[in-house]
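Notes to accompany the following structure.
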Amino acid sequence: MKTGSPSYILLQNPPGLPSIAVTWLVCCIRRSNLIIDWHNYGYTIMSLTHGKQHPIVHLAKWYEKIFGRLADYSFCVTNAMKEDLRTNWHINTAVLTIPRYTVLMGSSCFYHYSAITLYDKPPSIFKETPLDIQHRLFMKLAEEYAPFKARTMSECSEVEKSVFTELDSRTGSVTHVQGRPALLISSTSWTEDEDFSILLRALEDFEQFINDGAQLPSLVCVITGKGPLKQYYNHLIEKLHFKHIQICTPWLEAEEYPLLLGSADLGVCLHKSSSGLDLPMKVVDMFGCCLPVCAIHFTCLHELVKHEENGLIFANSNELAEQLKMLFSDFPNVTSRLNRFRKNLQESKQLRWDESWDQTVLPVLKNP
Numbered sequence: 001m002k003t004g005s006p007s008y009i010l011l012q013n014p015p016g017l018p019s020i021a022v023t024w025l026v027c028c029i030r031r032s033n034l035i036i037d038w039h040n041y042g043y044t045i046m047s048l049t050h051g052k053q054h055p056i057v058h059l060a061k062w063y064e065k066i067f068g069r070l071a072d073y074s075f076c077v078t079n080a081m082k083e084d085l086r087t088n089w090h091i092n093t094a095v096l097t098i099p100r101y102t103v104l105m106g107s108s109c110f111y112h113y114s115a116i117t118l119y120d121k122p123p124s125i126f127k128e129t130p131l132d133i134q135h136r137l138f139m140k141l142a143e144e145y146a147p148f149k150a151r152t153m154s155e156c157s158e159v160e161k162s163v164f165t166e167l168d169s170r171t172g173s174v175t176h177v178q179g180r181p182a183l184l185i186s187s188t189s190w191t192e193d194e195d196f197s198i199l200l201r202a203l204e205d206f207e208q209f210i211n212d213g214a215q216l217p218s219l220v221c222v223i224t225g226k227g228p229l230k231q232y233y234n235h236l237i238e239k240l241h242f243k244h245i246q247i248c249t250p251w252l253e254a255e256e257y258p259l260l261l262g263s264a265d266l267g268v269c270l271h272k273s274s275s276g277l278d279l280p281m282k283v284v285d286m287f288g289c290c291l292p293v294c295a296i297h298f299t300c301l302h303e304l305v306k307h308e309e310n311g312l313i314f315a316n317s318n319e320l321a322e323q324l325k326m327l328f329s330d331f332p333n334v335t336s337r338l339n340r341f342r343k344n345l346q347e348s349k350q351l352r353w354d355e356s357w358d359q360t361v362l363p364v365l366k367n368p
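Structure (structure tokens):
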């Protein structure tokens, strides 16, 4: 079956080595427009492993800079990246004076390139989880992970309990367990750009707050994901001896992750952008679930996390510990600051991914 040449070819970067050059060549041959979707810079990710001065990192930076300019359009995930592409990479609204097809096709056609901010937005599966679905999820996870199991057995055989919820089978009603722990959640790919020792030290401080008499709930801290440093951090977790905090590092099924986010009380993000110019997708998903977030500071985080509005921004483990203490000091009171952040998210009427695409991308595709 033969297909015609596409009007556009969309390429996500990273990874872009060697795909940017290859895709540009294909676009030249097929007379298609190349769109690069910049989520980060590949060379900055490589620098986490090889160091900023490694020759391969310098080569990758040169490659991205040169071939990135060959796109007809560039989408990027923050205004900070858009400005960086304009200032340092010379990717902005302009007319390129090199004919695209002169060498390959003998054509005198010119092309333009521009940068457009296209923020990541959560898909519709990320939303608050109804209490009855929360209970089913907790009961399923309790079969494999001890922190989800009920602390005490119910006196009534018709009542089914998890650590957070209980179902009365006589009425079908699901309620929160009185005195339940707070559910803290984070997700990670366990790589060098996230230092989870910051969270572990903050949890040690939180435990000490309780030991010193602070009226705070117990915590169940769930850290989802898998990656190269997971075993290293699991060894650190095993050395911790908490009485009031349980830490769980499950690998969830794809459909379980949004449900758990929608069931949590607070999210924590330790992602530090390798370039300082992209935003953590995990926070985007958490906000889709109306889940307030404590996130570690980096350059452009303010484009997503509004301090004291939909969450808090911290710089180190001490600040995170104090934020956890403050947010959970009157848990689960509906008038708490934590619930105020949640209400702000509920009232913000966030765009979903398909809506954002229609508003930002479709006009470009319809009017090249």
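For the sequence shown, the UniProt record's numbering begins at 1 and goes up steadily by one.
By construction, the Cβ of each residue, glycine as well, lies at the ideal position given by its N, Cα and C atoms.
Length of the line joining the Cα atoms of residue i and residue j
i    : j    : result
S186 : Y257 : 11 angstroms
L183 : D330 : 14 angstroms
S162 : K52  : 48 angstroms
R14  : T44  : In the sequence on display, residue 14 carries Pro and not Arg. If I take the Cα positions, the gap works out to 10 angstroms.
N310 : A80  : 20 angstroms
I296 : I313 : 6 angstroms
F148 : G227 : 23 angstroms
S47  : F298 : 17 angstroms
K325 : L338 : 11 angstroms
L304 : L200 : 24 angstroms
H39  : Q12  : 7 angstroms
G172 : P217 : 27 angstroms
K306 : F287 : 11 angstroms
P130 : S7   : 43 angstroms
I35  : G42  : 17 angstroms
V159 : I9   : 56 angstroms
G213 : R180 : 18 angstroms
L229 : I237 : 12 angstroms
C109 : T360 : For C109, the predicted model reports a pLDDT of 41, less than 50, meaning its position is unreliable; a value from the coordinates is still stated below. Rounded to whole angstroms, C109 to T360 spans 26 angstroms at the Cα level.
T87  : K61  : 15 angstroms
K343 : R170 : 32 angstroms
L351 : R340 : 20 angstroms
Boundaries of the beta strand (DSSP E) in which residue i is found, first to last residue
i    : result
S173 : S173 to H176
L240 : Unbroken run through L240: none, as it is neither H nor E.
N13  : Y8 to N13
A295 : V293 to I296
S267 : Note on residue identity: the sequence assigns Gly, not Ser, to residue 267. Per DSSP, G267 belongs to the beta strand (DSSP E) from L266 to C269.
W38  : N33 to W38
F314 : G311 to F314
I56  : That residue, I56, is in no beta strand (DSSP E); its alpha helix (DSSP H) goes P55 to G68.
L219 : L219 to T224
L183 : A182 to S187
I116 : A115 to T117
Contacts around residue i, its chain only, beta-carbon distance under 6 angstroms, and the 5 residues preceding and following it disregarded
i    : result
L70  : W24
I223 : S186 and T249
P122 : V284, D285 and G288
L141 : F148
A21  : F67
D265 : A182 and L183
One or two residues paired with residue i in a DSSP bridge
i    : result
V22  : Answer is none; V22 lacks a bridge partner.
Q165 : It should be pointed out that residue 165 corresponds to Thr in this sequence rather than to Gln. H176, per the DSSP bridge assignment.
E194 : H271
T249 : For T249, which the question treats as bridged, DSSP gives no partner whatsoever.
V160 : For clarity, residue 160 is Glu in the given sequence; the question names Val instead. In the DSSP output, where bridge partners are listed per residue, E160 has L167.
S329 : Its beta-bridge partners do not exist; DSSP assigns none.
H235 : Note: H235 sits in no beta bridge, so no partner.
For residue j and residue i, believed in contact at Cβ under 8 angstroms, the rounded distance
i    : j    : result
F209 : I245 : That belief does not hold up - the Cβ atoms of F209 and I245 are roughly 11 angstroms apart, past 8 angstroms.
G267 : L291 : 5 angstroms
S317 : A202 : 5 angstroms
F67  : L118 : With a Cβ gap of about 20 angstroms, F67 and L118 do not count as contacting.
E128 : G262 : 5 angstroms
C300 : L277 : 6 angstroms
D72  : N33  : 4 angstroms
I116 : V364 : 7 angstroms
I133 : L259 : 6 angstroms
I247 : C221 : 5 angstroms
Neighbourhood of residue i by C-beta, 7 angstroms cutoff - its chain only, sequence neighbours within 5 removed
i    : result
N120 : The question names Asn, but residue 120 in the sequence shown is Asp. V77, L279, M281 and V284.
Y63  : L17
H135 : S162, T165, L167 and V174
N234 : T249
H50  : I56 and V57
H176 : F164 and T165
G225 : S187, T188, S189 and W190
S124 : R352
Opening and closing residue of the alpha helix (DSSP H) in which residue i lies
i    : result
T78  : First-last for T78: undefined, no H or E at that position.
T44  : G42 to H50
L131 : L131 to A142
F287 : M281 to G288
L260 : E256 to L261
T152 : Counting along the chain, T152 falls outside any alpha helix (DSSP H), and DSSP gives it neither H nor E.
L362 : L362 to K366
Cβ-based neighbour list, residue i, same chain, cut-off 8 angstroms, excluding 5 preceding and 5 following
i    : result
E144 : P250
E194 : T188, L270, H271 and K272
Min CB distance residue i to chain C below 7 angstroms
i   : result
K82 : Of the protein chains in the structure, only one exists, and it is not chain C.
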